[in-house]
Amino acid sequence: MVHTFIYTHKGEPLYFVWDIESGSLYKVDNVAFLCAKSRYGTLSDSEKRAFSEIPADTVAETNAEFDSLEKDGALNAKPIIKSFKKRLGAVKAMCLHICHDCNLRCEYCFASGGSYNTPRDYMS
C-alpha cells in the first residue's frame, strides 16, 4: 500500500511517497508526487489541473521509475503477513489482582490515590 503526503516545513511543502509494506519513504518533487498520487491514490481537482499541465514524456519517465521501484520490491510491495493463525480458546495472558490497593496515596495518581475508583479490597 502506497501513501502520498505533503509536509510543510518553514512554509515550504515537502512531498513524500511512503510504501507501508517495504518501509520505503521517498522525498520527491511535485511532479513525482502528482504522478504517484494519480497512480496509487486519487487526485483532488486542483491536483488534476496541475497534473494535466505536466508534459507527457515527463509523466512517462516518472512512471518508468515507479515501475523500476515496483520491480525491485521497493514500492507497492506485497504484504509480508497475509493473516494470523487463529487459535480458539487459548488464553495468552492472565493478570491476577490479589490486592486491589496501593499503600501510596499520591494525589496526582491516575488511579485515584491507589483505589482505581473501586473499593480497597483484598482477595477473599
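Under this note's numbering, the first residue of the sequence shown is numbered 21, with each subsequent residue one higher. Built from N, CA and C at the ideal position, the CB exists for glycine as well.
Whole angstroms are fine: how far does the CA of residue j sit from the CA of residue i?
i    : j    : result
H117 : E127 : 22 Å
F104 : G31  : 43 Å
K112 : C122 : 27 Å
C119 : K91  : 58 Å
N67  : I101 : For the sequence presented, residue 67 should be read as Glu rather than Asn. The alpha-carbon atoms of E67 and I101 are separated by roughly 34 Å.
Following the continuous beta strand (DSSP E) through residue i, name the residue where it begins and the one where it ends.
i   : result
E32 : 32 to 39
S44 : 44 to 48
Would you mind reading off the limits of the alpha helix (DSSP H) that contains residue i?
i   : result
F25 : From DSSP, F25 is part of no alpha helix (DSSP H) but of the beta strand (DSSP E) over 22 to 29.
K68 : 65 to 72
With residue i and residue j assumed to form a contact (beta carbons below 8 Å), what rounded beta-carbon distance in angstroms separates them?
i   : j   : result
V51 : T24 : Their Cβ separation, rounded to whole angstroms, is 13 Å, which puts V51 and T24 out of contact at 8 Å.
Is the stretch 40 to 52 touching the stretch 90 to 102, taking contact as three or more C-beta pairs under 8 Å? yes
Looking at C-beta atoms only, is the number of pairs between the stretch 52 to 62 and the stretch 99 to 117 that lie closer than 8 Å three or more? no
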